[in-house]
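Asker: Take a look at this one; I'll ask things after.
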Amino acid sequence: ADDYLVKPFDLEELSARIRAAIRRGARQATAVLRHGRIELDPAAKQVRRDGEPVVLTAREFAVLHALMLHGQQTLSRSQLEDVLYGWGEEVESNAVEVHIHHLRRKLGRDLIRTVRGLGYALAPPP
Numbered sequence: 046a047d048d049y050l051v052k053p054f055d056l057e058e059l060s061a062r063i064r065a066a067i068r069r070g071a072r073q074a075t076a077v078l079r080h081g082r083i084e085l086d087p088a089a090k091q092v093r094r095d096g097e098p099v100v101l102t103a104r105e106f107a108v109l110h111a112l113m114l115h116g117q118q119t120l121s122r123s124q125l126e127d128v129l130y131g132w133g134e135e136v137e138s139n140a141v142e143v144h145i146h147h148l149r150r151k152l153g154r155d156l157i158r159t160v161r162g163l164g165y166a167l168a169p170p171p
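So for the sequence shown, my numbering puts the first residue at 46; every next one is plus one.
Rendered as structure tokens:
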């Protein structure tokens, strides 16, 4: 913990401090993530497959980044929605599934596995 808030506090102040903490954490995680033939550079917002650049939308990048940060751990649909959408943003019913479909099309069908009833995870590297 690097912050403290005394009660009673304003919810806007709490939200601002949470966003600042997330930004600080994002700045520290600049190492290139690798999974099999896929490389993700969070600082440059670039993805490569077999050394070739792959163009992803911002939300596709966010989903892939979250999955790569968690390795082969399963992330639920709601966890991925939290990554994709801020507070108060409306979430479309199948948004996560659409982004997963696009990632599979661009990066390979076997990269992301569906864990029935639980969510999505990266498949073990070949």
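In this text, a Cβ means the ideal position worked out from N, Cα and C, and glycines have one as well.
Kindly indicate which residue of Glu97, Val77, Gly81, His146 has the alpha-carbon position closest to the one of Val176.
Answerer: Residue 176 falls outside the range modelled here, since the chain spans only 46 to 171, and no answer is possible.
Asker: Please specify which runs of the alpha helix (DSSP H), each continuous and at least 4 residues long, are wholly inside the stretch 78-159, giving them in chain order.
Answerer: 103-114, 122-129, 140-152
Asker: So, Arg82 versus Arg94, is the Cβ gap smaller than 7 Å?
Answerer: yes
Asker: Counting only the same chain and skipping the five closest in sequence on each side, list residues whose C-beta sits under 8 Å from that of Gln124.
Answerer: Ala111, Gly164
Asker: In three-state terms, what does DSSP make of Ala76?
Answerer: Coil, per DSSP.
Asker: Measure from the alpha carbon of Pro90 to the alpha carbon of each residue in Gly96, Val77, Glu97, then state which is nearest.
Answerer: Going by the sequence as given, residue 90 is Lys instead of Pro. Answer by Cα proximity: Val77.
Asker: If you compare alpha carbons, which of Val160, Gly162, Asp155 is closest to Pro170?
Answerer: Asp155
Asker: State the DSSP-derived secondary structure class of Leu56, mapped to helix, strand or coil.
Answerer: The answer is helix: DSSP assigns Leu56 an H, G or I state.
Asker: Rounded to whole angstroms, what is the Cα-Cα separation between Arg62 and Glu126?
Answerer: Between the alpha carbons of Arg62 and Glu126 lies a gap of roughly 21 Å.
Asker: Grab the span of the beta strand (DSSP E) containing Tyr165 for me, first residue to last.
Answerer: 164-167
Asker: Taking the straight line between their C-alpha atoms, what separation do you get for Gly162 and Lys151?
Answerer: Per the coordinates, the alpha-carbon of Gly162 lies some 25 Å from the alpha-carbon of Lys151.
Asker: Using a Cβ-Cβ cut-off of 6 Å (strictly less than) and excluding sequence neighbours within five positions of Val92, which residues of its own chain qualify?
Answerer: Leu85, Val99, Leu101
Asker: Beta carbon of Arg158, beta carbon of Val141: below 7 Å?
Answerer: Their beta carbons are not under 7 Å apart, which means Arg158 does not touch Val141 by this criterion.
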